[in-house]
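Residues in the sequence shown are numbered from 28 upward in steps of one, following my numbering. Even for Gly, the Cβ is constructed at its ideal location relative to N, Cα and C. The structure appears below as structure tokens.
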Amino acid sequence: MTSTIQPKTPCTTCGKPSALFMCRGCEKDFCMRHANEHRQELGKQLDELTLDYDQLREKFNEETGQSRYYIQMKEKIEEWERESIEKIYQVANDARKNLENMIEKHSTKLIECLTKVACQINEARKEDEFFETDINEWINQLNKLKNDIYQPPTFDIQYSDNNISFISKINIGICDEGFGRILGNVQLEDNGQVAIHVGSDDYSTVRGKNHYSYGKHRLRFKIEEYCSSKWIFIGIISQDIPMEQLSIKSRSLYGWAGPNQVYINGRFHASFNQYISDAQQDDILELFINCDAQKISLTNERTQSSYELDIDLKQCPFPWQLNINMYFRGDRIRFLSN
Numbered sequence: 028m029t030s031t032i033q034p035k036t037p038c039t040t041c042g043k044p045s046a047l048f049m050c051r052g053c054e055k056d057f058c059m060r061h062a063n064e065h066r067q068e069l070g071k072q073l074d075e076l077t078l079d080y081d082q083l084r085e086k087f088n089e090e091t092g093q094s095r096y097y098i099q100m101k102e103k104i105e106e107w108e109r110e111s112i113e114k115i116y117q118v119a120n121d122a123r124k125n126l127e128n129m130i131e132k133h134s135t136k137l138i139e140c141l142t143k144v145a146c147q148i149n150e151a152r153k154e155d156e157f158f159e160t161d162i163n164e165w166i167n168q169l170n171k172l173k174n175d176i177y178q179p180p181t182f183d184i185q186y187s188d189n190n191i192s193f194i195s196k197i198n199i200g201i202c203d204e205g206f207g208r209i210l211g212n213v214q215l216e217d218n219g220q221v222a223i224h225v226g227s228d229d230y231s232t233v234r235g236k237n238h239y240s241y242g243k244h245r246l247r248f249k250i251e252e253y254c255s256s257k258w259i260f261i262g263i264i265s266q267d268i269p270m271e272q273l274s275i276k277s278r279s280l281y282g283w284a285g286p287n288q289v290y291i292n293g294r295f296h297a298s299f300n301q302y303i304s305d306a307q308q309d310d311i312l313e314l315f316i317n318c319d320a321q322k323i324s325l326t327n328e329r330t331q332s333s334y335e336l337d338i339d340l341k342q343c344p345f346p347w348q349l350n351i352n353m354y355f356r357g358d359r360i361r362f363l364s365n
């Protein structure tokens, strides 16, 4: 006669066929004893998460409006104000208010996010309704808030070019673009606005923060230090291409380097379209990204030389991303406001 007794489920922890409960978070089965231990472990993790939150909130209270970067921005405004004295008194006040409003908006947004996380944790503790999935989500939220607090937004002073005015008016705005990911002997400074080649001579790659799929975008750079061999690559690459130190060989890469080097689909073309790399130290270069026309161009503001490349979307599909390659130790390039 066939038995109708159902086999018992083993406990995940001890292995005994006495599991009575299944955790809806990890979906594992536990006996009475180990279900309690599992619950205690979750409580311990929540305690650690709460401590992490408290430390982050304390750090946020210390950093808000008092970080070195915010102070530097205020000092630049005050220096400009002193030089212009009463002639720009009203403009200086407007600039300070704009900066403080942006800091306040950024701080308010962070406070809202911090408060939201705190409410979720407290409510979960009160109702005793939380699982691994909830804790992982709170950890992810706190990690994102850490980045937002420790790396405040980059601000940029924009000078109006008004010939009628006896002094340039300034405005405070957030500079959205900058250097992001790096690979090789390169480091970033000034909140990702400066890339410096360090260590021994070797290929290194720097990607921009943003990606581009439509519209027109102007990116300006100043070559602050330039080795006598004069080799820095400036161009674009498809965002989905993995980072490589020698990214100039990627089939998705387009752009220019010295001496007289043009790269199309990762292939080197000498003096393509009569390109001459005339960049010198302290020169300002503009990379114009025209997604609508599927073109990019590079202009030297000192010499007014300008060169253009057509982009094959089959080889370099959207979204595009800024790609800088550096080789020589000491080379230094800076993002500028448009």
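Legend entry - Contact under 7 Å by Cβ, D183 with S364: yes
Legend entry - Collapsed DSSP secondary structure at R123 in the structure displayed: helix
Inset, instruction - Could you tell me the boundaries of the alpha helix (DSSP H) in which T160 lies? - result: 159-177
Inset, instruction - Find out if the Cβ-Cβ distance for the pair H238, Q266 is shorter than 7 Å. - result: Against a cut-off of 7 Å, the Cβ pair of Q266 and H238 comes out as a contact.
Inset, instruction - Check whether the Cβ atoms of Y281 and Y302 lie closer than 7 Å to each other. - result: no
Legend entry - Per-residue burial, N120 [other beta carbons within 10 Å of its own, 16 or more giving buried]: exposed
Inset, instruction - Check whether the Cβ of Q117 lies closer than 7 Å to any Cβ atom in chain D. - result: Judged by its chain identifiers, the structure shown contains no chain D, having just a single protein chain.
Legend entry - Contact under 7 Å by Cβ, S279 with Q342: yes
Inset, instruction - Return the CA-CA distance between I166 and E156, expressed in angstroms with no decimal places. - result: 17 Å
Inset, instruction - Keeping to the same chain, check which residues put their C-beta closer than 7 Å to that of H65; ignore five residues upstream and five downstream. - result: If the five residues before and after H65 are omitted, its C-beta is found closer than 7 Å to the C-beta atoms of C50, F57, all from its own chain and listed in chain order.
Inset, instruction - Kindly list the residues whose CB is nearer than 6 Å to the CB of F299, restricted to its own chain and excluding five residues on each side of it in sequence; keep chain order. - result: V289
Inset, instruction - Mind checking who S231 pairs with in its DSSP beta bridge? - result: Answer is M353.
Legend entry - Alpha carbon of G351 to alpha carbon of G211, nearest angstrom: Correcting the residue type first, residue 351 is Ile in the shown sequence and not Gly. If you draw a straight line from the Cα of I351 to the Cα of G211, it is about 12 Å long.
Inset, instruction - Excluding the 5 residues preceding and the 5 following Q308 in the sequence, name in chain order all residues of the same chain whose CB lies nearer than 8 Å to its CB. - result: I250, E251, E252, Y253
Inset, instruction - Determine the direct distance from the alpha carbon of T181 to that of I261, and round the result to whole angstroms. - result: Our two residues, I261 and T181, have alpha carbons roughly 22 Å apart in a direct line.
Legend entry - Cβ-based burial, D337 [other Cβ within 10 Å; buried from 16]: exposed
Inset, instruction - Consult DSSP for D183 and reduce its assignment to one of helix, strand or coil. - result: strand
Inset, instruction - Determine, using beta carbons only, whether S45 and C38 come nearer to each other than 7 Å. - result: yes
Inset, instruction - Alpha carbon to alpha carbon, how far is G205 from P344? Give it in angstroms, no decimals. - result: In a straight line, the C-alpha of P344 is about 21 Å away from that of G205.
Legend entry - I263 to E75 span [Cα, whole Å]: 43 Å
Inset, instruction - Within 10 angstroms of the Cβ of N190, are there 16 or more other Cβ atoms? Answer buried if so, exposed if not. - result: Any reading at N190 must be qualified, since the residue scores a pLDDT of 49, below 50, and its modelled position is unreliable; no value is offered.
Inset, instruction - Give me the Cα-Cα distance between Q33 and T40, rounded to the nearest whole angstrom. - result: 21 Å
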